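Sequence positions in the sequence shown follow mature numbering (1 follows the signal peptide of the UniProt record, and there is no 0) and run -18 to -1, 1 to 160.
In what follows, a single structure is set out as structure tokens and then discussed.
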Amino acid sequence: MKKLIVAAILIIAGVTNADAQLLKFGIKGGVNFANFNGGADGIDYSSRTGFHAGAVAEVKLFQNFSLQPELMYTSQGADVKGIGDFNLDYVSVPVLAKFYLISEKLSVEVGPQFSFLVDDAKEAFDNKSFDFAAAGGLGLNITDHFFAQARYTIGLTEVSKDAEVKNAVFQLSLGYFF
């Protein structure tokens, strides 16, 4: 999986002679509202507010279709009543198909997200080092450079080897394409 991600980054980086309209690079950041899905009955999970920040690229393939790979640092997890806060920090690589609905202003974005655990503040549980998720949301190009996004990411793999819980994250982002 890591080889696939590295290959995708190298291919995108290797397209240095591409027309500026076909390849854009930028940065983005925002707030995460994270929680867990699943788990045992009687355990009360509550939302944890975190952040995300990183790099984004957009590769225009057709008139109304682009690919948007990202490299993000993202803070996730949940607060578990009676147990404590689970702060899980990941390096995430979403690779989204981006479908423009209204010229190049409004888009629907959907695709997989590959996340690698880099920090686990609660080491009482044996958390998995990899998280695979499905992501979907909306994007709005405010100007030629500034954009906003709303996205929901639902984990498809369990976060911990000890509990049957999966990540669920709602994100609001602002970004800038150079």
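Note that beta-carbon positions come from the ideal geometry of N, C-alpha and C, so glycine has one too.
This structure is a prediction, so every number in the text was calculated from the model and none was measured.
Exercise for the section: May I have the straight-line CA-CA distance separating ALA130 from GLY64, to the nearest angstrom? Expected result: Residue 130 sits at position 148 when you count from the first residue of the sequence shown. Residue 64 sits at position 82 when you count from the first residue of the sequence shown. Cα to Cα, the separation comes out at about 36 Å.
Problem - Same chain, Cβ closer than 6 Å to PHE7, five either side skipped, listed in chain order - result: What you label residue 7 is simply residue 25 of the sequence shown in a count that begins at 1. Beyond the five residues adjoining it in sequence on each side, PHE7 comes within less than 6 Å, by CB distance, of ALA39, PHE160 in the same chain, given in chain order.
Handout entry: Alpha carbon of HIS127 to alpha carbon of LEU88, nearest angstrom
Key = Position 145 of the sequence shown holds residue 127. Position 106 of the sequence shown holds residue 88. Going from the Cα of HIS127 to the Cα of LEU88 covers about 14 Å.
Practice task
For ALA(-1), count neighbouring C-beta atoms within 10 Å of its own C-beta (all shown protein chains included) and say buried if the count is 16 or more, exposed if not.
Solution key: Within the sequence shown, residue -1 is the residue found at index 18, counting from 1. Confidence in ALA(-1) is poor, its pLDDT being 47 and thus under 50, which makes the residue's placement too unreliable to answer from.
Exercise for the section: Would you identify the three-state DSSP class for ALA103, choosing helix, strand or coil? Expected result: Position 121 of the sequence shown, counted from the start, is the residue given in the question as residue 103. In the structure shown, ALA103 sits in coil (DSSP, three-state: anything other than H, G, I, E or B).
Problem - Element boundaries [beta strand (DSSP E), containing LYS80] - result: As a first step, residue 80 is located in the sequence shown; it is residue number 98 there, counting from the start. LYS80 -> beta strand (DSSP E) spans 66 to 84.
Practice task
Indicate whether THR139 and PHE114 have their beta-carbon atoms separated by less than 7 Å.
Solution key: On the sequence shown, residue 139 is found 157 positions in, with the first residue counted as 1. On the sequence shown, residue 114 is found 132 positions in, with the first residue counted as 1. Cβ atoms of THR139 and PHE114: closer than 7 Å.
Handout entry: With 16 other Cβ atoms within 10 Å as the buried cut-off, status of GLY157
Key = Position 175 of the sequence shown, counting from 1, holds the residue named residue 157. So GLY157 ends up on the buried side.
Problem - Beta-bridge partners of GLU52, as assigned by DSSP - result: Counting from 1 along the sequence shown, the entry for residue 52 is found at position 70. The partner list for GLU52 (beta bridge, DSSP) reads VAL38.
Practice task
Name the residue from TYR72, THR125, ASN123 whose alpha carbon lies nearest to the alpha carbon of VAL111.
Solution key: For the purposes of this step, residue 111 is taken as the residue at position 129 of the sequence shown. The residue asked about is misnamed: residue 111 is Ser in this sequence, not Val. The shortest C-alpha separation from SER111 is found at TYR72.
Practice task
Over the uninterrupted beta strand (DSSP E) stretch that includes ASP113, give me the two end residues.
Solution key: Here residue 113 refers to the residue found at position 131 of the sequence shown. Residues 112 to 123.
Problem - Cβ pair ALA16, VAL151 closer than 7 Å - result: Numbered from 1 along the sequence shown, position 34 holds the residue referred to as residue 16. Numbered from 1 along the sequence shown, position 169 holds the residue referred to as residue 151. Taking 7 Å as the Cβ cut-off, ALA16 and VAL151 qualify as a contacting pair.
Practice task
Ignore the nearest five residues each way along the sequence and tell me which others in GLY11's own chain have a CB closer than 6 Å to its CB.
Solution key: Numbered from 1 along the sequence shown, position 29 holds the residue referred to as residue 11. By the criterion of a C-beta distance shorter than 6 Å, GLY11 is surrounded in its chain by ALA35, once the five residues flanking it on both sides are discounted.
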